[in-house]
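Student: Pasting a structure here, questions to come.
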Amino acid sequence: MTLRVLIVDDEELARLRLRSLVQECEEPGAQVVGEAANAVQALSWLAQERCDLVLLDVQMPGADGLRLASELRRHEQPPAVVFVTAHPEHAVTAFDLEAVDYLTKPVRRERLQAALHRAHDRLRTRGAAADSEPVLVVNDRGRVTRVPVSEVLYLKAELKYVTLRTARHTYVLDESLSELEERLGERFLRVHRNALVARRAVRALERRAVPGDEEAGREGWAVRIEGTDEWLAVSRRQVAAVREALTAEGV
C-alpha cells in the first residue's frame, strides 16, 4: 500500500522540505499527491481528491490545524493525521484528536518514517480501530499517555485540576469534570459535585465519615471503589443512583 499524502502548511519552504523527506522514505511507500497552504484550501482539495494521510501544521492563518483535524474526523473515511509543527505545547490536544503522531520542526527523516509506519498500520487496521477501546489522553510529567477508559476507576476535581485514578496510577487532567462527564457518558456516575465513578467500580455504599463530604466532620454516605481502599463521598441526592448502580452490577 502506497500512502497518498496531503501536505498542509502555510510556509512554502516547509512544504518543500516535507515533500523531499517523504520522497526519501522508502518504506512504507508514500507519495505526496497534494499541497495546501491553509484549512480552506485543504478542505477544497479533499472535496475533489482522496488521500490516506495529512501532514498538518498547527498554526496557520484562519482555521488552525487543530480545527481542521477536528473537521476531518467528521468525514466518513477520515485520513490519518500527523501534526508537523514548531509548537510542542499542542501535543495533548493533538492526540485527543486521534492524531497518529506529533512531529516537531525541524523534522528528521527517521521520525517522519516512523510516523508513516504508524499511519500505515492505523489505516491497515481501520476496521478494528473503529471498535477499539476509547482512551483519555494525559500529559504525565511531559510524556503523553493514553489511558484506556476501561481502566479508569474515578475522576475527582481537586483545586484547578481533575485527578484520574486507575488501579495502579494516578494522573492529573487539565479538563473540567463537566466536560469529562459529557464525553464519558453512561459508563460513569456522578456521585458528588466533585467526583465521577465508573459504574463497574462501585463496590459498596455505607454511612461513614469521609473527607469531602458535604457536611464536613459528620457521618455521610460514601462509596467504596473497586481495587482500592478508598472511599468517596456521595451527595444525598446521588444515593439512589449509587444504589441502582450497585444493583445493576450485582454487588
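Per the numbering used here, the sequence shown starts with residue 2, numbered consecutively.
Ideal placement from N, C-alpha and C gives every residue a C-beta, glycine not left out.
Bear in mind that the values here come from a model prediction, so they are computed numbers and not experimental data.
Quick check for students: name the residue ranges of the beta strand (DSSP E) that lie wholly in the region 94 to 162, counting only runs of 3 or more.
Tutor: 102 to 105, 136 to 141, 144 to 149, 155 to 159
Student: Within 10 angstroms of the Cβ of R166, are there 16 or more other Cβ atoms? Answer buried if so, exposed if not.
Tutor: Taking a 10 Å sphere around the C-beta of R166, we find 16 or more other C-beta atoms and assign the residue as buried.
Student: If I'm right that D11 touches M61 with Cβ under 8 angstroms, what's the distance once you round it to whole angstroms?
Tutor: 4 angstroms
Student: Cutting at 7 angstroms between CB atoms, please list the residues of its own chain near A81, excluding the five before and the five after it.
Tutor: D53, L54, V101, A120, R123, L124
Student: With a threshold of 16 other CB atoms inside 10 Å of the CB of Q78, please say whether the residue is buried or exposed.
Tutor: exposed
Student: Determine contact between the region 192 to 208 and the region 150 to 157, defined as no fewer than three beta-carbon pairs at a distance below 8 angstroms.
Tutor: yes
Student: Helix or strand or just coil, what does DSSP make of L4?
Tutor: strand
Student: Could you check whether V150 and P135 sit closer than 7 angstroms to each other, using their CB atoms as the reference points?
Tutor: yes
Student: Helix, strand or coil for R166, going by three-state DSSP, please let me know.
Tutor: Look at R166 here: in three-state DSSP terms it is strand.
Student: Can you tell me whether V264 is helix, strand or coil according to DSSP?
Tutor: This structure leaves residue 264 out entirely; the chain is present only between 2 and 252.
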